[in-house]
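Asks:
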Amino acid sequence: MGQAEDGKPKNYVCYRAEYPLKIDGIANERSWINTEWTTDFVDILGSRGVTPRFNTRVKMLWDNDYLYVYATVSEPHIWANLTKRDDVIFQDNDFEVFIDPDGDTHQYIEFEINAYNAIWDLKLTKPYRDGGLALNSFDYTGIKTAVSIHGTLNNPVDTDQSWSIEIAFPLKSFIDSTSALPPLVGDQWRINFSRVEWKTIIENGRYVKQKDPKTGKNLAEDNWVWSPQGKVDMHSPDTWGTVQFSQHAAGKGITTFIHHPDQEVKDELRIVYYAQRTYLAKYNHFAQTLNELKEATPVTYKWKYTPNLIRTPQGYECTAIESTLGKVCHINQTGRVWSSK
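Right, here's the structure in full:
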């Protein structure tokens, strides 16, 4: 579901669960059985990366209280070391979820889980590139998680098959990030999934990360994702996938994914945002006009919409009008993007 051309965010229709789901790491309820998988994970770089060695894919459901995520992670050697909440879980092989309900790239959620069912949940005020802060004090109150292992944990003697993750994210945890809870039918959230996979060897009966013989440092981890980022950085919410909420219960109807017309306008405004970042690095201030920006950056612009760049005390704001719905789309120097009437 949601196959997109490389470099473009993926999409997925999220159907309703008929009944509250038992969170046990086993997707045997009828709603899960009737739910489609996402496309298989790819390298975080997209087509420029290497095809993942092991398969990963996800399903999603929702009801009035939870957003449900189920993932299967193929893995011939399942291991984990970290056991405490808010440990830096990606130091183990892990599965990660990133959620930005209103799609403005600010106040988004990061979640990580390992094969021990240890979790790290945090909120980002905005992307690190824009000076964002990671709020480790954030907790999903009432979150439910479970891991099911198809093999044995931390046993290098045998060959394992996979581990499965089931998560129920309480919708009330997103109160600061969206105006509609539960989501309205047709609402779209920006979401992405990531898998960190370390290269390991077996030493003295335990798994050890492989090291670069020249530097003595751990080899870089693999990063496999649902919607490709184009760079090794999950903190670019504008390249995450888009999840649309359906009114139908899984298996009880079909909802077609709709590309919201204002998204194309927002994508065009992001051209201004990224060009302004380049301009700022070169001149130590933002461009005041589009012509000034165009002359100083190597990008050729053929605007479909008519952007309007204005100077503000904080930096700048750029707007463009989406005529179908009469919305005005905005972006500013922090990268925040939003729509207004």
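If you want our numbering, it's the 1-based position in the sequence shown plus 1322. Just so you know, even glycine gets a beta-carbon here, dropped at the ideal spot from N, CA and C. Because the structure is a prediction, the values reported are computed rather than measured.
#1: At 4 residues or longer, what runs of the alpha helix (DSSP H) sit wholly inside the region 1350-1388?
#2: Assuming D1482 contacts I1400 under a Cβ cut-off of 8 angstroms, what Cβ separation, rounded to an integer in Å, is found between them?
#3: To test your reading of the DSSP string, which unbroken alpha helix (DSSP H) runs of 4 or more residues are found completely within the region 1523-1610?
#4: Is it buried or exposed, N1514, if we count other Cβ atoms within 10 angstroms and call 16 or more buried?
#5: Identify whether N1436 lies in helix, strand or coil by the three-state DSSP scheme.
#6: Nearest-angstrom Cα distance between V1277 and F1460?
#7: Check whether the region 1349-1367 touches the region 1547-1565, counting contact only when three or more Cβ pairs, one atom from each stretch, lie closer than 8 angstroms.
#8: So, is E1676 buried or exposed, given that buried needs 16 or more other C-beta atoms within 10 angstroms?
#9: Return the CA-CA distance between N1477 and E1525, expressed in angstroms with no decimal places.
#10: In the DSSP assignment, find the unbroken beta strand (DSSP E) run with D1444 in it and report its ends.
#11: With a CB to CB cut of under 6 angstroms and the five nearest residues on each side skipped, what residues in its chain are close to Q1566?
#12: Based on DSSP bridge pairs, tell me the residues matched to H1399.
#13: Shortest alpha-carbon distance to P1492 belongs to which of D1385, I1632, T1378, V1479?
#14: Is DSSP giving I1643 helix, strand or coil here?
#15: Tell whether a beta-carbon distance below 9 angstroms holds between V1395 and F1420.
#16: Do you know how far the Cα of N1356 is from the Cα of G1575?
#17: Please tell me whether P1583 and T1646 are closer than 9 angstroms, where the distance is taken between their beta carbons.
#18: If you pair each beta-carbon of the region 1605-1615 with each one of the region 1623-1643, do three or more pairs fall below 8 angstroms?
#19: Run through DSSP, which three-state label would I1632 get?
#20: Rounded to a whole number of angstroms, what is the C-alpha to C-alpha distance between K1332 and T1427?
#21: Using C-beta distances below 6 angstroms, list every residue in its chain close to S1495, excluding the 5 sequence neighbours before and after it, in chain order.
#22: Taking the CB atoms as reference points, tell me whether A1402 and N1436 lie closer together than 9 angstroms.
#23: Label Y1623 either buried or exposed according to how many other C-beta atoms from any shown protein chain fall within 10 Å of its C-beta, with 16 as the threshold for buried.
#24: Per DSSP, which one or two residues make a beta bridge with Q1510?
#25: Quick one: is K1649 buried, meaning 16 or more other Cβ sit within 10 Å of its Cβ, or exposed?
#26: Going straight from the alpha carbon of R1592 to that of Y1450, what length do you get?
Replies: Let me lay it out:
#1: 1352-1355
#2: 5 angstroms
#3: 1583-1605
#4: buried
#5: coil
#6: An answer regarding residue 1277 cannot be provided, because it is not within the stretch 1323 to 1663 covered by the chain.
#7: yes
#8: In the structure as shown, the chain starts at 1323 and stops at 1663, and residue 1676 therefore has no counterpart that could be examined.
#9: 12 angstroms
#10: Here residue 1444 turns out to be Leu, not Asp, going by the sequence shown. Taken as a continuous stretch (DSSP letters only), the beta strand (DSSP E) holding L1444 covers 1441-1446.
#11: V1335, Q1510, F1579
#12: None, per the DSSP bridge assignment.
#13: D1385
#14: strand
#15: no
#16: 11 angstroms
#17: yes
#18: yes
#19: strand
#20: 17 angstroms
#21: Y1462
#22: yes
#23: exposed
#24: Q1566
#25: buried
#26: 17 angstroms
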